[in-house]
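Taking it in order: structure first as structure tokens, then the write-up.
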Amino acid sequence: MLKEKTQLMDADAVRRALTRIAHEILERNKGTENLVLIGIRTRGYPLAQRLAAKIREIEGQEVPVSHLDITAYRDDRKGQGGDEKQPDFSGPSFSLAGKKVVLVDDVLYTGRTVRAAMDAVMDRGRASAIQLAVLIDRGHRELPIRPDFVGKNVPTSRREVVEVRLKETDGEDRVVLMEP
Numbered sequence: 403m404l405k406e407k408t409q410l411m412d413a414d415a416v417r418r419a420l421t422r423i424a425h426e427i428l429e430r431n432k433g434t435e436n437l438v439l440i441g442i443r444t445r446g447y448p449l450a451q452r453l454a455a456k457i458r459e460i461e462g463q464e465v466p467v468s469h470l471d472i473t474a475y476r477d478d479r480k481g482q483g484g485d486e487k488q489p490d491f492s493g494p495s496f497s498l499a500g501k502k503v504v505l506v507d508d509v510l511y512t513g514r515t516v517r518a519a520m521d522a523v524m525d526r527g528r529a530s531a532i533q534l535a536v537l538i539d540r541g542h543r544e545l546p547i548r549p550d551f552v553g554k555n556v557p558t559s560r561r562e563v564v565e566v567r568l569k570e571t572d573g574e575d576r577v578v579l580m581e582p
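Be aware that the sequence shown starts at 403, since it is given in my numbering, and climbs by one per residue.
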């Protein structure tokens with residue numbers, strides 16, 4: 403059983419981090435032209451929607467948002483119904499060819515989820531760039547993957563668990579560090 407060790411971010415810190423990430427995305431991509439946000443299910447999607455809303459506030463431009471279920475692309479789910487590569491995109495239908503895709507997720511840990519998401523995006527069309535935005539980077543990479551936009555870097559032990567709780571999925575906005 404896990405117990406809460408410490409709170410890493412409260413609702414205001416989550417809001418500020420997303421505002422900063424939205425500004426960084428706009429600055430790096432020189433605006434919204436050909437920009438799309440894809441949230442990795444489950445909590446990446448509400449974060450992508452929030453980033454799109456922040457970008458709309460800042461630039462007055464709509465950015466397409468979709469979500470992606472990468473279960474079929476996971477390398478740890480072979481033989482569990484994950485052999486057929488059929489990514490689950492939903493939301494607005496748009497082509498990824500020539501787009502600057504920003505993958506959005508809550509926590510970056512080993513990098514395997516992001517690798518699976520990149521495979522799914524590449525199967526959907528040749529994006530001009532794929533970037534990664536995460537609310538929390540906790541380290542312990544198993545693959546050479548680095549986020550482009552980070553809300554907070556949190557050094558953790560492998561035993562600890564970072565829980566991102568969002569209003570849309572959990573009824574509250576906060577990030578906590580859990581331990582056995």
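All C-beta atoms, glycine included, are put in the ideal place defined by N, C-alpha and C.
Closer than 6 angstroms by C-beta to residue i: which residues in its own chain qualify, once you throw out the five before and the five after it? Chain order, please.
i: Arg528; result: Ala499
i: Asp539; result: Leu510, Pro549, Val552 and Asn555
i: Val438; result: Pro466, Lys501 and Val503
i: Gln463; result: Thr434
i: Glu565; result: Val578 and Met580
Given a cut-off of 7 angstroms, decide if residue j and residue i are closer than it, judged by their beta-carbon atoms.
i: Val536; j: Pro549; result: yes
i: Arg445; j: Asp508; result: yes
i: Pro582; j: Arg567; result: no
i: Arg458; j: Ala518; result: no
i: Phe579; j: Thr421; result: It should be noted that the sequence gives Leu, not Phe, for residue 579. Taking 7 angstroms as the Cβ cut-off, Leu579 and Thr421 do not qualify as a contacting pair.
Name the two residues that bound the continuous beta strand (DSSP E) containing residue i.
i: Thr408; result: Lys405 to Met411
i: Leu437; result: Leu437 to Ile442
i: Arg576; result: Arg576 to Glu581
i: Asp508; result: Lys502 to Leu510
i: Ile547; result: Here Ile547 belongs to no beta strand (DSSP E), and DSSP marks it neither H nor E.
Just to confirm the assignment, what range does the alpha helix (DSSP H) spanning residue i have?
i: Arg452; result: Gly446 to Glu461
i: Asp572; result: Lys569 to Asp572
i: Val523; result: Arg514 to Arg526
Assuming residue i contacts residue j under a Cβ cut-off of 8 angstroms, what Cβ separation, rounded to an integer in Å, is found between them?
i: Leu366; j: Leu505; result: This structure does not reach residue 366, given that the chain is present from 403 up to 582, and the question cannot be answered.
i: His346; j: Gly513; result: Nothing can be reported for residue 346: it is not among the residues displayed for the chain, which extend from 403 to 582.
i: Ala531; j: Ile472; result: With a Cβ gap of about 19 angstroms, Ala531 and Ile472 do not count as contacting.
i: Ala419; j: Ile460; result: 15 angstroms between Cβ atoms; not a contact.
Using C-beta distances below 7 angstroms, list every residue in its chain close to residue i, excluding the 5 sequence neighbours before and after it, in chain order.
i: Tyr447; result: Gly441 and His469
i: Val563; result: Leu404 and Met580
i: Arg543; result: Thr512 and Gly513
i: Arg443; result: His469, Leu470 and Asp471
i: Lys456; result: Leu420, Thr421 and Ala424
If I measure Cβ to Cβ from residue i and keep anything under 8 angstroms in the same chain, skipping five residues before and after, which residues do I get?
i: Met403; result: Pro582
Pairs of beta-carbons, one from the region 403-417 and one from the region 558-578, closer than 8 angstroms: are there three or more? yes
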